[in-house]
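Colleague: Here it is, the structure in full.
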Amino acid sequence: MKTIIEPFRIKSVEPIRMTTREERKKLIRDAHYNLFALHSDDVLIDLLTDSGTGAMSAAQWSAVMRGDESYAGSPSFYRFEAAVKNLMPFNHIIPTHQGRAAEAILFSMFGGTGRNIPNNTHFDTTRGNIEASGAEGHDLVIKEGHDPANMHPFKGNMDLEKLEAYLTKHGDSVPCVMLTITNNAGGGQPVSLENIQGTAALARKFDKPFFIDGCRFA
Ligand SMILES: Cc1ncc(COP(=O)(O)O)c(C=O)c1O
Numbered sequence: 086m087k088t089i090i091e092p093f094r095i096k097s098v099e100p101i102r103m104t105t106r107e108e109r110k111k112l113i114r115d116a117h118y119n120l121f122a123l124h125s126d127d128v129l130i131d132l133l134t135d136s137g138t139g140a141m142s143a144a145q146w147s148a149v150m151r152g153d154e155s156y157a158g159s160p161s162f163y164r165f166e167a168a169v170k171n172l173m174p175f176n177h178i179i180p181t182h183q184g185r186a187a188e189a190i191l192f193s194m195f196g197g198t199g200r201n202i203p204n205n206t207h208f209d210t211t212r213g214n215i216e217a218s219g220a221e222g223h224d225l226v227i228k229e230g231h232d233p234a235n236m237h238p239f240k241g242n243m244d245l246e247k248l249e250a251y252l253t254k255h256g257d258s259v260p261c262v263m264l265t266i267t268n269n270a271g272g273g274q275p276v277s278l279e280n281i282q283g284t285a286a287l288a289r290k291f292d293k294p295f296f297i298d299g300c301r302f303a
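Numbers 86 to 303, taken from my numbering, label the letters of the sequence shown in order.
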């Protein structure tokens, strides 16, 4: 028999409230089967999200103490900027506290009434920010992405034919092309490198800026 030991120690334990199956059935019924209407205190195992629900490493906790809260010129920012530039050679890097805050900034420029924004699948906060600006978001994931039983290896791929037809149809009302990697709202499905290149090529062909929503890149 093979024994698997997870190579870390968990140093902090947070108690959770146990519930019975009957209680859980009542709670989910009372929430009208809407997971967002549940109180997290009532949730034993959170399968809605992993955002902020996992343990932090010792290095992450100590970084909180090293963090410098200066109003300007903070070394924390320069460390962050260097880490991002190490991965992606952007000239301009704007830190935000969460993905949804970055979206609010992005769509204050790219959103607005009458605009149409394509994506493989918009995450719920992305769609929320787009629609709050007055624009419309559209999901153009490949048809295999809608079939949970399908074994296609890249079910987060953009449907490139649909995207080309979309860009032709909506013309100047499209401010940018987006691709969410991995496709969280589409079941966390991956996107192939070939599909990323194909999506970028179409964005270039139609002269649109290309944005990757990389909230799940790691
Ligand atoms: C693809 C994607 N976009 C945007 C967001 C929003 O990020 P945040 O929860 O940090 O606001 C998430 C969060 O899970 C996400 O997965």
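Note that the Cβ used here is the ideal one computed from N, Cα and C, for glycine as well.
Going by DSSP, what residue range makes up the alpha helix (DSSP H) through H174?
Modeller: According to the sequence as given, residue 174 is Pro; it is not His. Counting along the chain, P174 falls outside any alpha helix (DSSP H), and DSSP gives it neither H nor E.
Colleague: In three-state terms, what does DSSP make of I130?
Modeller: The answer is coil: DSSP assigns I130 none of H, G, I, E or B.
Colleague: In whole angstroms, give me the CA-to-CA distance for P180 and F162.
Modeller: C-alpha separation (whole angstroms): 8 Å.
Colleague: Please indicate yes or no: does the CB of C300 lie closer than 7 Å to some heavy atom of ligand 1?
Modeller: Result yes, Cβ under 7 Å from ligand 1.
Colleague: Would you say G184 touches ligand 1, meaning its beta carbon is less than 7 Å from a heavy atom?
Modeller: G184: yes, Cβ under 7 Å from ligand 1.
Colleague: Hey, how far is the Cα of K293 from the Cα of P260?
Modeller: Rounded to whole angstroms, K293 to P260 spans 7 Å at the Cα level.
Colleague: With the cut-off set at 8 Å, would you say R94 and D126 are in Cβ contact?
Modeller: Not in contact: R94 and D126 (Cβ atoms no closer than 8 Å).
Colleague: Going by the beta-carbon positions, is the gap between T198 and D298 smaller than 8 Å?
Modeller: Result no, Cβ atoms of T198 and D298 do not sit closer than 8 Å.
Colleague: Just the C-alpha distance for A167 and G152, rounded to the nearest angstrom, thanks.
Modeller: Rounded to the nearest angstrom, the two C-alpha atoms are 15 Å apart.
Colleague: Any heavy atom of ligand 1 closer than 7 Å to the CB of N204?
Modeller: Outside the cutoff, so no.
Colleague: Between the Cα of P304 and the Cα atoms of K111, G271, K87, E99, which residue gives the shortest distance?
Modeller: Residue numbering for the chain in the displayed model covers 86 to 303; residue 304 lies beyond these limits and cannot be assessed.
Colleague: Beta-carbon within less than 6 Å of I215's beta-carbon, same chain only, minus the 5 sequence neighbours each way: which residues are those?
Modeller: Excluding residues within five positions, the ones whose Cβ falls inside 6 Å are F192, G196, I202, G222.
Colleague: Could you check how far apart the C-beta atoms of N242 and N205 are, in whole angstroms? I think they sit under 8 Å.
Modeller: With 8 Å as the limit, N242 and N205 qualify as a contact, their Cβ atoms being about 7 Å apart.
Colleague: Quick one: what's F295 bridged to in DSSP?
Modeller: For F295, which the question treats as bridged, DSSP gives the partners V262.
Colleague: Drop a sphere of 10 angstroms on the beta-carbon of A250, count the other beta-carbons inside from all chains shown, and report buried for 16 or more, exposed for fewer.
Modeller: By the 10 Å Cβ count, A250 comes out exposed.
Colleague: Considering only the beta carbon of each residue, do N268 and C300 sit closer than 8 Å?
Modeller: Taking 8 Å as the Cβ cut-off, N268 and C300 do not qualify as a contacting pair.
Colleague: When the Cα atoms are used, what is the spatial distance from V169 to K111?
Modeller: Those two C-alpha atoms are separated by around 46 Å.
Colleague: Is K240 closer than 8 Å to E229 when the C-beta atoms are compared?
Modeller: Yes, the Cβ-Cβ distance between E229 and K240 is below 8 Å.
Colleague: Compare the C-alpha of T134 against each of F121, P92, A144, V226 and name the closest.
Modeller: Minimum Cα distance to T134 is reached at F121.
Colleague: Hey, would you say L278 sits closer than 8 Å to L245, going by beta carbons?
Modeller: Contact: no.
Colleague: Between which two residues does the beta strand (DSSP E) holding H223 run?
Modeller: 221-224 is the extent of the beta strand (DSSP E) around H223.
Colleague: Taking the alpha carbon of F296 as the point to measure from, which residue in Q274, I89, G213, V262 has its own alpha carbon closest?
Modeller: Per the Cα distances, V262.
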